[in-house]
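Peer 1: Numbered per this note's numbering, the sequence shown spans residues 1405 to 1490.
We put the beta carbon where it would ideally sit given N, CA and C, even for glycine.
Note that the structure is a prediction, hence the values are computed from the model and not measured.
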Amino acid sequence: MKPKEIATLFSEYLEEGTTPKGMKVQSFFSHLSSSQKRLLANNISKSYALSLQADKEKAILQSEKKKEISQLKKRAKELGLIISAK
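1) Grab the span of the alpha helix (DSSP H) containing residue 1438 for me, first residue to last.
2) Can you tell me which of the three DSSP states residue 1434 falls into?
3) Roughly how many angstroms separate the alpha carbons of residue 1444 and residue 1454, rounded to a whole number?
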């Protein structure tokens, strides 16, 4: 499960107060010590940051591929080649 999905679920559960299994979210967090709460928050934060970084890298890679394809098409036109997509 991606961190974005986890964050969405947590926010939904916090609004409703329970998970699908009926577990009280607030009671789950109340059983954690403050250091465990901090650790959980840090872990979610780190995984979310990594997910954002991965999404950014993926977008950059897609952009580079599009530019490369565009350049190849331009070069093919210059050479008089016919491009057909199948």
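Peer 2: Let me lay it out:
1) Element bounds for residue 1438: 1438-1482.
2) helix
3) 15 Å
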